[in-house]
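Undergrad: Residue numbers (the numbering used here), protein chains in the order written: chain A, 1 to 473; chain B, 474 to 847; chain C, 848 to 1455.
In this text, a Cβ means the ideal position worked out from N, Cα and C, and glycines have one as well.
Sharing a structure here in structure tokens format.
See the structure below:
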């Protein structure tokens, strides 16, 4: 199939351009093993045919041995066409020939590329097998050049380490180590300092307020189902709120918009009342299902709020347009409100209308914060370290890029390229030549732009000067 | 010259002592004026109101609190047994009734329509007050207790652990300076008040406890030993309620310190006699010191009045220094300068001059001595 | 009690304070057109057996004054002579009392952090010791709460809870715990336990029902937390004072007699101290912290922005509770303030001996240094407790804007701010009887860690309680004596907040004054003293190093007037929070250096 296509392409090139002489062969054909792969790729590069070519055809042969003995690198198809090749190496892979016997005479090209290309990535090789490649220029009139054969066979190998991603490895190891370290620290009983999350500290206060005022607490677990991670996080907070409510002997109501959430919330609250030592105070009728309809639910909750005037409202989960409706109602009835959501579009409403808001990450960190479990605290702390590293790299990258543009210092350019392409990209541990060239190109471009700007400025000045001179006279 | 008041610990061979035996709440007094009582006799008894168990019926039956009284199967004042039905809800059309059984035995005390809470009071807890000290009842406090009087030898300790007990006095050491070692305590000291000389160690306390001694008395104790024995560090000196198996009394203080010779001699003369001991100490307002009371044969004469006026510091009075650097040493007052004196610490204080038995004298702040009374 | 005399005619004022160990009497006389405190006397308190009559101690202390003033105060019947003549008696006699353990109360609220704390504040403000706070959320099961109420023997109980129109259920629940528990009062068995109800007004009838039987004396007053956003402690405090006089005092031995002697109601000592400090803070417009370290307890008073707070650290004291201080602070923490080695076993025995013989005084320098080390820890712990209690109200709804997204402050933060503190007043034996004023100043600085510019003073002879009562009877006399005789100014402390690098500049200073003109720099870890006599003032200009705050913000220059005192001007570059080296030897050297820096003990005292 490939072969058929190749021929077809070749014929296509052939018909597009009429009659010409045989093109010059490409030179400097080099095949290299593509690094950082599982051994299935070989990169082939060459210099284009002297007179230009409409396309190139690529040939490949599995070989045994490592040197092309005596044979000329340039070989005309016609000259060797008559030779008979036979498989003489039983140990080699199927179809492999001894290198001395190399000939591409009977082969169909494995691929064809257009005349502008000077490289080809062969992704159909097998690791551990040696290959020789040949490239042939094809003219528009379907004339072919002699084959240009690689000097040495190439053996793709399986790389155990993808060096281009070594930085990822380092960063991952660092973060993992930090997580393990913090887990160990937390387990050893040393206090792990977690930033005070005012919103969670405020649970006691809000429930206390409800108790003193003789009113109930309202907990809204969002409008999405239990399969949404925010709802799950919300239930974690619910268990804490319920425990506090049980301790204070305050009434807690949980209207839900999904039946499954209701069931889960009932389990959660019951467990909390039990662990607070007041199982008798648990009343499952206080956790009920309203409707799946977004605004039906909102209207239901809002009505409840206006009638019962709860003194503490918690909104923990996924919210959409109802966020502001609920939070504003709560504010109007004078409740202490604590919200938590990872919906970026709803956060501003909650921040403005509620007393305390858990923002995105804080919301998810709540379970670690509330449980005080060393594993959770440790990983929370470790993840924070990861965020610190990420933030640091962003800041440094921006800084060096800016400095590079301003100063045009090559060193700074290298640093900024290193951060963005090596540490964060896939360029491995060291800067390579193409990156350097890139930097050089950027600098040249800047210089060119500057030069042009300068000449434009001079031109404008001279025009202005001339105009001024004309005015003066 | 103003009188200087320096309270000390009372150690006397013969005094008329009154012991007030009182119930915590009103009850029945079992003795009358003129009765002769023994230490173990019950002189008054009462029953403390039982433990209180609140039951939140409104929650348990999912009812508004105001409906709770209607659902009660027991009225206020009714006795109730364990697992007996306490209340039953009316249910829906006579169906789905919830019954709540009482988990406690006692009496229904109150039913609250505000909180929906029912309070069940458990059985009364009997309280007996014993005579503690053998003697004669001289006064009966109506429904509260009585006052027992006896002629006794009376020794105040400085610090004690544990409450009231009594037993025969057994002196376990040869001199007032000899520390109380575990080996000094023999198996036949069970139920006795064991008297040592110098410091008692944690091992000797453990030993005394093992043989079943009622109390152990000695001159000093190491703080570390006390902590080890109690299992915690004593923060404030308010004791008497510990349940450690025996009563401990220290007569002089903490550290390596011998019992005052007089105290030791007094205990030795009364060896074999029954003594009442109380370790309760309260060094606060309403100070209480531990005490050893040895009732004497009645009619052995009037209580001998002290040669000195009580609590008065005079030249020639026997005193004990109660602070470093001469902590625990006993001497007599040899001078009472009226002008304040500057101490080594730099502070100015009223002092006195004390002469120790070997003849040397020292200047000591008046606050740092106590009289040996009796 | 007799009715107050015409203030014009009051020339001789006798005041006593019956403390738990000593009764202190002072004499204030009208001399050359102003009131001055002229003499004082002291005698052991005699509430306990064998005396069991507080008036004996009063008579003893007054007799001592009489001898000193050459004036007869006690007549042949053993009563105080009043009114005054040329050579005899006094015009008015007033007294405070903390004997018999002071006023001991149990308080209850619905939520511990809200009405529970408000009730506690009311009780503490009235001068009581709060034995326990019962609340719905105090983590105790009802039967445990009942057991606790039974074990306590308070003088009275304050119940609050619920805002007006708020919860009744919780309040009644608490009442239903208290009523069957039948707490026994400390004194007298036929005494009805006074209960003050200062909670939700809508629950009053139900509360009355609950306490109708069972021998309670229920008194109802205004809700002390009518809304969560506001406290109204005044009525409850007044009620506590009334009951203190009518019920509690009347039961304590000898007080019935004493009450007939005085011309103004006897006040609980701490309540009187609070009164005088509030007056001073209001008149001078300053923030004040006062501390009274006693044998059993340590009281801390603070007035910040006219908000008064008082805490009692029940088991932090220098004699009865000394062992507890060592246990709570731990021995290594105490010993870090001592510049030489001490044998720990001996020390522990020494501490316990002080506990069982609380009246002894240190005779040697080493004993003094150790006692002052314990004092630092007691004060430090008491101040930590105070900071935790003196907070803004909890349970208040907040108004937010989007700008608050990342700075959502919670309520209930402490209002104690050492940077804003202007005056620190010390009283209590170990502070006011320290042989050198420098020691008192150093104890205050080490324990309280004042920041910025703070004036230090001590109550010379613990006169504040007397003046607190006097201010109610004769404000003119009280303020005059307070200004002239009560406080002894120790000097001013200038300390940087932040952690300076040891040996590097902490701040540079220039002092200009009549007698003192100096400039220099204070290095990190150093503390030094400049002489500035009492009554003199100077202007100090300080340039703190980066990160060091002297009141104007980190690294910003301050210029302030400073007052002198018996110690002078103390420049403290040790940083805040104060950190001592962990290593024992280094720590001893550091402390030794600091002690030398302020000449805390006279030369030979720094023997190692």
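#1: Would you kindly report the start and end of the unbroken beta strand (DSSP E) that includes residue 1151/C?
#2: Taking 8 Å as the threshold (beta carbon to beta carbon), is residue 1171/C in contact with chain B?
#3: I'd like the span of the alpha helix (DSSP H) that includes residue 398/A, first residue to last.
#4: Answer with yes or no whether the minimum CB distance from residue 475/B to chain C is below 8 Å.
#5: Keeping to the same chain, check which residues put their C-beta closer than 7 Å to that of residue 273/A; ignore five residues upstream and five downstream.
#6: For chain A, find out if any of its Cβ atoms is closer than 8 Å to the Cβ of residue 1126/C; answer yes or no.
#7: Find the nearest neighbour of residue 380/A within the set 45/A, 180/A, 434/A and 315/A, judged by alpha-carbon distance.
#8: Does residue 576/B come within less than 8 Å of chain C when only Cβ atoms are used?
#9: How far does the alpha helix (DSSP H) with residue 166/A in it reach, from first residue to last?
#10: Hey, is residue 213/A's beta-carbon within less than 8 Å of any beta-carbon in chain C?
#11: If I'm right that residue 222/A touches residue 316/A with Cβ under 8 Å, what's the distance once you round it to whole angstroms?
#12: Short of 7 Å in beta carbon distance, which residues of its chain neighbour residue 1150/C, apart from the five on each side in sequence? Order them along the chain.
#13: Grouping DSSP H, G and I as helix and E and B as strand, with all else coil, what is residue 1219/C?
#14: My guess is that residue 1104/C and residue 910/C are in contact by the Cβ rule of under 8 Å, so how many angstroms apart are they, rounded?
#15: Using a Cβ-Cβ cut-off of 8 Å, state whether residue 795/B counts as contacting chain C.
#16: Can you pull out the residues from the segment 276-307 of chain A whose beta carbon lies closer than 7 Å to at least one beta carbon of chain B?
#17: Given that a residue counts as buried once 16 or more other Cβ atoms are within 10 Å of its Cβ, and exposed if not, what is residue 259/A?
#18: Return yes when the Cβ of residue 154/A is within less than 8 Å of the Cβ of residue 33/A, no when it is not.
#19: Quick one: give me the first and last residue of the alpha helix (DSSP H) that residue 1293/C is part of.
#20: Is the beta carbon of residue 1210/C less than 8 Å from the beta carbon of residue 790/B?
#21: For residue 594/B, which residues does DSSP report across the bridge?
#22: Helix, strand or coil: which one does DSSP assign to residue 812/C?
#23: Out of 583/B, 545/B and 586/B, which one is the CA nearest neighbour of residue 572/B?
#24: Are the segment 483-495 of chain B and the segment 593-610 of chain B touching by the rule of at least three beta carbon pairs closer than 8 Å?
#25: Does the beta carbon of residue 233/A come closer than 8 Å to any beta carbon on chain C?
#26: Take the Cβ of residue 515/B as the centre, count every other Cβ of all protein chains shown within 10 Å, and call the residue buried at 16 or more, exposed below.
#27: Output, in chain order, the set of chain A residues within a Cβ distance shorter than 8 Å of residue 533/B.
#28: Who are the Cβ neighbours of residue 856/C in its own chain at under 7 Å, not counting the five residues just before and after it?
#29: Is there at least one Cβ from chain B nearer than 8 Å to residue 1266/C's Cβ?
#30: What is the rounded straight-line gap between the Cα of residue 1259/C and the Cα of residue 816/B?
#31: Does the pairing of the segment 1205-1223 of chain C with the segment 735-749 of chain B give three or more beta-carbon distances under 8 Å?
#32: Using the C-alpha atoms, what's the distance from residue 732/B back to residue 555/B?
#33: Under a three-way DSSP split, which group does residue 211/A fall into?
#34: Any residues in the segment 353-381 of chain A with a beta carbon nearer than 9 Å to a beta carbon of chain C? Which ones, in chain order?
#35: Would you check if the distance between the CB atom of residue 200/A and the CB atom of residue 418/A is smaller than 8 Å?
#36: Under 7 Å Cβ-Cβ, which residues of chain A neighbour residue 1258/C?
TA: The answer reads as follows:
#1: Position 304 of the third chain, counting from 1, holds the residue named residue 1151/C. First-last of the beta strand (DSSP E) with residue 1151/C: 1145-1151.
#2: Counted from its first residue, the third chain places residue 1171/C at position 324. Yes, because at least one Cβ of chain B sits closer than 8 Å to the Cβ of residue 1171/C.
#3: For the purposes of this step, residue 398/A is identified with residue 398 of the first chain, where counting begins at 1. Segment 374-407, the alpha helix (DSSP H) holding residue 398/A.
#4: Counting from 1 along the second chain, the entry for residue 475/B is found at position 2. Low local confidence applies: a pLDDT of 34 at residue 475/B is under 50, so the model's placement there is unreliable, with the coordinate-based value given in what follows. Yes - at least one Cβ of chain C is within 8 Å of the one on residue 475/B.
#5: Sequence index remark: in the first chain, residue 273/A carries index 273 (1-based). Taken in chain order, the residues that qualify are 242, 246, 279, 281 and 282.
#6: Counting from one through the third chain, the residue named residue 1126/C turns up at place 279. It does not; no Cβ of chain A falls within 8 Å.
#7: Taking the first residue of the first chain as 1, we reach residue 380/A at position 380. Closest by alpha carbon: 180/A.
#8: Position 103 of the second chain, counted from the first residue, corresponds to residue 576/B. Not closer than 8 Å to any Cβ of chain C, the Cβ of residue 576/B fails to qualify, so no.
#9: Along the first chain, one-based indexing puts residue 166/A at 166. Residues 166-187.
#10: The residue labelled residue 213/A in the question sits at position 213 within the first chain. Interface residue, yes.
#11: For the purposes of this step, residue 222/A is taken as residue 222 along the first chain, with counting starting at 1. For the purposes of this step, residue 316/A is taken as residue 316 along the first chain, with counting starting at 1. Sure, about 7 Å apart at Cβ, within 8 Å.
#12: Reading the third chain from its first residue, position 303 is the one you call residue 1150/C. Once the five neighbours on either side are set aside, the close Cβ partners of residue 1150/C are 1124, 1125, 1128, 1134 and 1135.
#13: For the purposes of this step, residue 1219/C is identified with residue 372 of the third chain, where counting begins at 1. The answer is helix: DSSP assigns residue 1219/C an H, G or I state.
#14: On the third chain, position 257 is the one that residue 1104/C refers to. On the third chain, position 63 is the one that residue 910/C refers to. 16 Å between Cβ atoms; not a contact.
#15: Counting from 1 along the second chain, the entry for residue 795/B is found at position 322. Yes, residue 795/B counts as interfacial toward chain C.
#16: 280, 281 and 283
#17: For the purposes of this step, residue 259/A is taken as the residue at position 259 of the first chain. Result: exposed.
#18: Here residue 33/A refers to the residue found at position 33 of the first chain. Here residue 154/A refers to the residue found at position 154 of the first chain. Yes. Within cutoff.
#19: As a working note, residue 1293/C is residue 446 in the third chain. Counting along the chain, the alpha helix (DSSP H) containing residue 1293/C begins and ends at 1284-1295.
#20: The count along the third chain starts at 1 and reaches residue 1210/C at position 363. The count along the second chain starts at 1 and reaches residue 790/B at position 317. In this structure, residue 790/B does not lie closer than 8 Å to residue 1210/C by Cβ.
#21: What you label residue 594/B is simply residue 121 of the second chain in a count that begins at 1. DSSP lists 525/B and 580/B as partners of residue 594/B.
#22: Absent from the model: residue 812/C. The displayed extent of chain C is 848 to 1455, so no value can be given.
#23: Within the second chain, numbered from 1, the residue matching residue 572/B stands at position 99. Cα-wise, what sits closest to residue 572/B is 545/B.
#24: yes
#25: Taking the first chain and counting its residues from 1, one reaches residue 233/A at position 233. Output row for residue 233/A: interface = no.
#26: Position 42 of the second chain, counted from the start, is the residue given in the question as residue 515/B. Exposed, by the Cβ-count rule.
#27: Taking the second chain and counting its residues from 1, one reaches residue 533/B at position 60. Result: 280.
#28: The sequence position of residue 856/C within the third chain is 9, counting from 1. The residues are 938.
#29: Residue 1266/C sits at position 419 when you count from the first residue of the third chain. Output row for residue 1266/C: interface = no.
#30: Translated into the one-based positions of the third chain, residue 1259/C becomes position 412. Translated into the one-based positions of the second chain, residue 816/B becomes position 343. Between residue 1259/C and residue 816/B, the C-alpha separation is close to 48 Å.
#31: no
#32: One-based indexing of the second chain puts residue 555/B at position 82. One-based indexing of the second chain puts residue 732/B at position 259. Each residue's Cα considered, the two are about 56 Å apart.
#33: For the purposes of this step, residue 211/A is taken as the residue at position 211 of the first chain. Note: residue 211/A maps to helix in three-state DSSP.
#34: 353, 354, 355, 356, 357 and 359
#35: Numbered from its first residue, the first chain carries residue 200/A at position 200. Numbered from its first residue, the first chain carries residue 418/A at position 418. Going by C-beta atoms, residue 200/A is not nearer than 8 Å to residue 418/A.
#36: The count along the third chain starts at 1 and reaches residue 1258/C at position 411. The contacting residues are 205.
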